[in-house]
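Enquirer: Handing you a structure now.
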Amino acid sequence: MANKFELNPEDFDLSIETTMSDYPKCFIPDKLKTPTGPKAKTLEFECIDAHMYENPANMVAFRVPANIIYLWIKALHILYYEHYGSDSNLNIHCYDDPKKWQVDGHKAICIETMNKSKSLLYKTTFFITTGTLQAQGAKHDVFARKDFPCLLTLVNAISEHNTNLLGSSENESTNENVDSE
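Spelled out as structure tokens, the structure:
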């Protein structure tokens, strides 16, 4: 692997059928809950504002529209589990929080990216009920500069590959599927 941040989406299985099987529709919201934090409420969809959080927070975040949550779950799986997981210089730990999801309640997919000596570089957390995806840790800037563009590329490729499974409305990123409060 010449550069761990370069990947060709065509090198991976882009089908979301296994993702939909692993995360049944009953666990994926049709409408997002509004995040509770004041800054989280102002996050943009699929766009990182690097100045949203102060430096001590070591954090970046953005939101994902409800209609493309499956695409983002698949993109996270490809980038972290398949791509970075094969890098001998990284240790990737993926888990669901809570371990067993209920239809109601908060759900998150967590990914810890560590170096070879298992020191945490950053933790990526995808809060499914609010569509909030955040990266927090000493190297959160790596997520913003390197991982985020890769994830966007993957989401687009996965969307194009799955037009037969997804209605055309799910291939368009919109924030119309957010509960208003």
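Here the sequence shown stands for residues 1 to 181, numbered as in full-length UniProt numbering.
Ideal Cβ positions, reconstructed from N, Cα and C, are used throughout, including at glycine.
Could you tell me the boundaries of the alpha helix (DSSP H) in which Y70 lies?
Expert: Where Y70 is concerned, the enclosing alpha helix (DSSP H) stretches over I69 to L76.
Enquirer: How is the alpha helix (DSSP H) around T19 delimited, first residue to last?
Expert: Taken as a continuous stretch (DSSP letters only), the alpha helix (DSSP H) holding T19 covers E17 to D22.
Enquirer: With a CB to CB cut of under 8 Å and the five nearest residues on each side skipped, what residues in its chain are close to C47?
Expert: If we look at C47 and ignore the five residues flanking it on each side, its Cβ neighbours are F62.
Enquirer: Tell me, to the nearest whole angstrom, how far the beta carbon of F12 is from that of W101; I am working on the premise that it is less than 8 Å.
Expert: Not really, about 25 Å apart at Cβ, beyond 8 Å.
Enquirer: Helix or strand or just coil, what does DSSP make of E6?
Expert: Residue state, collapsed to three classes: coil.
Enquirer: Where do the N-terminal and C-terminal ends of the beta strand (DSSP E) with V60 fall, by residue?
Expert: Note, V60: beta strand (DSSP E), M59 to R63.
Enquirer: Residues in the same chain with beta-carbon distance under 6 Å from Y81, minus the five sequence neighbours each way, listed in chain order, please.
Expert: Excluding residues within five positions, the ones whose Cβ falls inside 6 Å are C94.
Enquirer: Where does the unbroken beta strand (DSSP E) through T124 begin, and where does it stop?
Expert: Unbroken beta strand (DSSP E) run through T124: L120 to F127.
Enquirer: In chain order, what residues of the same chain have a beta carbon less than 8 Å from the beta carbon of N96, not counting five sequence neighbours either side?
Expert: This sequence places Asp at residue 96; Asn is not what is there. Closer than 8 Å at Cβ, skipping near neighbours: K107, A108, I109 and C110.
Enquirer: Evaluate D22 with the Cβ neighbour count: other Cβ atoms within 10 Å of its Cβ, from every protein chain shown; 16 or more gives buried, anything less gives exposed.
Expert: D22 is exposed by the Cβ-count criterion.
Enquirer: Which residues in the same chain have their Cβ closer than 6 Å to the Cβ of R145, if we skip the five residues on either side of it in sequence?
Expert: Excluding residues within five positions, none has a Cβ falling inside 6 Å.
Enquirer: Can you give the beta carbon distance from T125 to K33, rounded, assuming they're within the 8 Å contact cut?
Expert: Rounded, the Cβ-Cβ distance is 15 Å, inconsistent with contact.
Enquirer: DSSP on E112, reduced to helix/strand/coil?
Expert: Here E112 sits in strand by DSSP.
Enquirer: Where L165 and S15 are concerned, what is the direct C-alpha to C-alpha distance, given to the nearest angstrom?
Expert: In a straight line, the C-alpha of L165 is about 9 Å away from that of S15.
Enquirer: Excluding sequence positions up to five away, which residues of its chain have a Cβ less than 7 Å from the Cβ of F148?
Expert: Closer than 7 Å at Cβ, skipping near neighbours: I48.
Enquirer: Who does I158 pair with in a DSSP beta bridge?
Expert: I158 pairs with nothing; no bridge assigned.
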